[in-house]
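First comes the structure, then the notes that go with it.
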């Protein structure tokens with residue numbers, strides 16, 4: 015196929031993806047009396063928002079639509095919106111979703127939009143194997159959160175005791191703080207997630223990716239990393255199933271579009287303030303493992319993933335595995 019014909023085909027595919035999302039969403043048009051969106055999706059400023067960027071752009075291009083997306087910096091901000099009742103749909107680490115469900119919050123797990131986005135990165139040129147980490151200081155964001163727990167698990171599976179053989183440092187409490195520290199050389203080794211891993215390595219050429227934790231996990235565990243949870247409020251799932259189905263399909267199509275057209279997606283990712291640079295955004299997309307899958311299709315995988323954390327420390331997932339009602343069907 016010549017380049018002209020190929021370009022026409024790509025243009026047609028892009029228009030089809032856009033048309034599908036536009037057709038799916040306007041069927042539920044309408045706002046409340048105050049002019050605000052009736053339904054709010056609380057998304058995280060990272061891979062989850064990157065995967066739904068086509069959906070976000072379509073919603074912003076449809077004045078009067080009852081669904082809006084709020085993009086937040088940290089999981090704790092999303093949790094706050096869930097606790098105060100302002101998030102109808104939310105994106106969180108699956109471990110945190112389990113904690114909130116076990117505490118009685120009335121949200122169910124709709125789908126998994128991201129499948130492993132963590133990397134060990136840094137300027138330390140002496141590290142090329144797990145054994146090389148012995149006696150090293152590694153900076154991790156927030157004790158007990160998914161990056162910390164997953165990295166501890168992988169240390170153990172590779173013959174290192176997290177409490178004795180390495181020094182885990184939690185001096186930088188947020189993803190952004192830690193990324194800035196790694197970029198500035200203040201943290202020679204740090205656990206970063208995409209897209210910040212791409213941002214840091216492109217900003218400072220002395221920083222390199224040492225381990226892809228998703229790949230390292232797959233070498234030790236026959237379990238998929240169902241890392242991120244897309245949740246919905248129970249009463250909306252019960253009373254607005256058509257709306258829920260449209261959002262699921264739109265999120266699915268959006269993720270497919272982002273993976274197929276990373277350069278076009280990168281423009282939107284910058285437009286909505288998720289990343290400052292299109293080159294970084296395009297670079298981060300392949301490493302973000304964006305793929306929306308309904309939770310009901312991965313029920314066993316989700317349970318197996320949470321069980322790994324439960325065996326390490328039950329408190330990480332709220333003291334117990336969530337029951338079968340956790341999954342939206």
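In the numbering used here, the protein residues as written are 15 to 343. Heads up, the beta-carbon is just placed ideally off N, CA and C, and yes, glycines get one too. Values in this document were obtained by computation on a predicted structure and should not be read as measured data.
| Item | Value |
| --- | --- |
| Option in 328, 329, 301, 342 with minimal Cα separation from residue 309 | 342 |
| Alpha carbon of residue 146 to alpha carbon of residue 180, nearest angstrom | 10 Å |
| Which of helix, strand or coil DSSP assigns to residue 37 | Bear in mind that a pLDDT of 48 at residue 37, under 50, signals an unreliable position, so the number given afterwards is only what the model happens to contain. Looking at residue 37 - three-state DSSP - the assignment turns out to be helix. |
| Coarse secondary structure for residue 100, derived from DSSP in three states | coil |
| Assigned exposure category for residue 61 - 16 Cβ within 10 Å defines buried | buried |
| Proximity of residue 246 and residue 124 at Cβ, strictly below 7 Å | yes |
| Candidates 174, 227, 172, 201, of which the one nearest residue 152 by Cα | 201 |
| CA-to-CA distance, residue 155 to residue 161, given in whole angstroms | 7 Å |
| Inside the region 229-315 only - beta strand (DSSP E) runs reaching at least 3 residues | 242-247, 304-308 |
| Whole-Å CB distance - residue 294 paired with residue 212, under 8 Å assumed | 5 Å |
| Whole-number beta carbon distance between residue 241 and residue 129, since they are thought to touch under 8 Å | 6 Å |
| Alpha-carbon to alpha-carbon, residue 256 and residue 248 | 14 Å |
| Where residue 41 falls, given that 16 or more other Cβ within 10 Å makes a residue buried | For residue 41, the predicted structure reports a pLDDT of 41, less than 50, and the residue's modelled location is therefore unreliable. The matter cannot be settled from this model. |
| Element boundaries [beta strand (DSSP E), containing residue 186] | Per DSSP, residue 186 belongs to no beta strand (DSSP E) and is neither H nor E. |
| Those residues which DSSP pairs with residue 81 across a bridge | 53 |
| Inter-residue spacing [alpha-carbon to alpha-carbon] between residue 114 and residue 199 | 36 Å |
| Rounded Cβ spacing between residue 134 and residue 205 (contact assumed at less than 8 Å) | 6 Å |
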